[in-house]
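First comes the structure, then the notes that go with it.
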Amino acid sequence: MPIKLHHQEGDVLIEELTDGRRHIKVTPAKGQFVLATNWTTDYSLDLIELIFEINGAAGLCFEIMRDEYPHFVQKFLKNDIFAYFQPEDFENKTILEFGCGGGASTHILARMFPNSKITGIELVESALRVARKRAESFNLKNVSFLKSPSGDQLPENLGKYDFVIFSAVYEHLYPHERPLIMRKVWEKLNDGGHLFINQTPNILFPVELHTTMLPLINYVPDKMALKIARRFSERIRADETWEELLRKGIRGATDREILSHLEHAEMLEPRYNGLHDRIDLYYLNTNSERLKTVKTIAKYFIKAIKTVSGITLVPDLSLAFRKKSSELQIKT
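Using our numbering, count along the sequence shown one by one with no gaps and you end on 560.
Here is the structure:
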């Protein structure tokens with residue numbers, strides 16, 4: 229018997245399939261923007277219902293897809309991480325995932341690195357409920373979760389880590405939070421440890437692809453950007469505030485901005501899987517047969533821009549930084 233759920237954002241129908249999986253269909257309310265309306269999942273009914281309770285009808289399928297769809301978060305994490313590191317670099321290591329949200333990326337990391345100890349920290353309590361339920365549902369033994377006390381603070385008694393990961397998180401920090409939290413997280417890295425950031429929009433790119441999908445909005449002042457977003461983006465409400473848009477991630481970052489928050493940091497370039505720079509990595513992540521010619525032209529155009537200006541004009545940042553050892557810091 230199908231299960232029906234109602235929400236102000238739309239109606240949800242959940243059908244049990246003969247193979248033990250469940251099919252979810254979302255019928256959006258009039259005028260409601262929904263990223264994904266259908267998905268077939270291995271998730272249990274109680275986990276689906278919790279995600280529905282927390283994320284609503286509009287975010288239900290999308291949140292599950294973040295974990296299960298192999299060409300989404302999984303693809304970016306694997307391609308990006310293994311451009312800078314090899315699998316054995318994570319063997320029996322400690323990993324801190326900052327801003328783990330509902331634990332989709334944590335779940336993926338736990339599968340990628342089963343012999344590593346992963347700690348996810350998150351500011352929003354409701355998201356942590358989903359993350360913990362995910363870990364419980366799939367019996368993940370190598371993950372734990374902690375709540376951040378505020379946007380610019382870390383949980384007390386946090387230890388040291390070999391890796392810190394920001395996956396699609398940095399852009400959601402308010403401007404005043406960014407330097408504070410980055411310096412505190414950097415302190416939690418062991419000497420020789422690594423900070424990894426990916427899926428953060430490049431604010432130098434001519435199209436804002438994260439929040440509004442609008443061109444040139446990255447280049448205008450905040451007040452003008454707010455007016456343009458309200459007027460022209462179907463993803464933005466007419467009464468949305470600038471603070472809400474900042475938390476949604478409308479302002480990305482640059483590699484120089486992030487590096488400026490880190491002391492004694494070495495920024496790495498991709499070096500594995502035949503990659504030589506972040507432009508090659510961008511091409512790997514976006515390459516498809518349908519758009520192969522367009523992406524190839526874009527790749528060499530962006531490389532030409534880098535040669536002339538030194539700027540890597542890719543849409544999203546995938547960055548890795550190494551924390552120099554204490555002895556090296558003293559020498560330099």
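Cβ atoms here follow ideal geometry from the backbone N, Cα and C, with glycine treated the same way.
Note that the coordinates shown come from a computational prediction; the quantities given were computed from them, not determined experimentally.
On the DSSP letters alone, give me the boundaries of the alpha helix (DSSP H) that residue i sits inside.
i, result
"His400", "Segment: none, His400 is in no alpha helix (DSSP H) and carries neither H nor E."
"Val358", "Glu353 to Ser365"
"Leu374", "Unbroken run through Leu374 is the beta strand (DSSP E), Val371 to Lys375; no alpha helix (DSSP H)."
Is residue i near residue j, with beta carbons less than 8 Å apart?
i, j, result
"Phe326", "Val240", "no"
"Phe391", "Lys321", "yes"
"Asn430", "Val542", "yes"
"Asp483", "Leu442", "no"
"Lys416", "Leu356", "no"
"Arg463", "Thr440", "yes"
"Gly480", "His438", "yes"
"Phe280", "Leu273", "no"
Using only the alpha-carbon positions, how far apart do residue i and residue j sit?
i, j, result
"Ala466", "Leu496", "41 Å"
"Lys531", "Asp505", "9 Å"
"Thr540", "Asn266", "36 Å"
"Pro434", "Asp450", "16 Å"
"Ile309", "Gly238", "37 Å"
"Ile445", "Leu275", "38 Å"
"Glu485", "Leu382", "21 Å"
"Leu374", "Val522", "43 Å"
Let me know the secondary structure DSSP gives residue i once reduced to three states.
i, result
"Glu471", "helix"
"Gln302", "helix"
"Ala338", "helix"
"Ser395", "strand"
"Ala466", "coil"
"Asp270", "coil"
"Met495", "strand"
"Thr255", "strand"
"Arg518", "coil"
"Leu233", "strand"
"Lys527", "helix"
"Ile558", "Confidence in Ile558 is poor, its pLDDT being 43 and thus under 50, which makes the residue's placement unreliable; the coordinate value appears in the next sentence. DSSP places Ile558 in helix when its eight states are reduced to three."
"Gly287", "helix"
"Met407", "The question names Met, but residue 407 in the sequence shown is Pro. Looking at Pro407 - three-state DSSP - the assignment turns out to be helix."
"Asp390", "strand"
Could you spell out where the beta strand (DSSP E) holding residue i opens and where it closes?
i, result
"Leu547", "Asp544 to Lys551"
"Phe424", "Leu417 to Pro429"
"Ile456", "Note, Ile456: premise wrong, no beta strand (DSSP E); alpha helix (DSSP H) at Asp450 to Phe460."
"Glu243", "Gly238 to Glu244"
"Glu350", "Lys345 to Glu350"
Assuming the contact rule is C-beta atoms closer than 8 Å, residue i and residue j should be a hit. Round their C-beta distance to whole Å, please.
i, j, result
"Phe304", "Asn513", "6 Å"
"Gly376", "Glu399", "Looking at the sequence itself, residue 376 is Ser, so the reference to Gly does not match. With 8 Å as the limit, Ser376 and Glu399 do not qualify as a contact, their Cβ atoms being about 17 Å apart."
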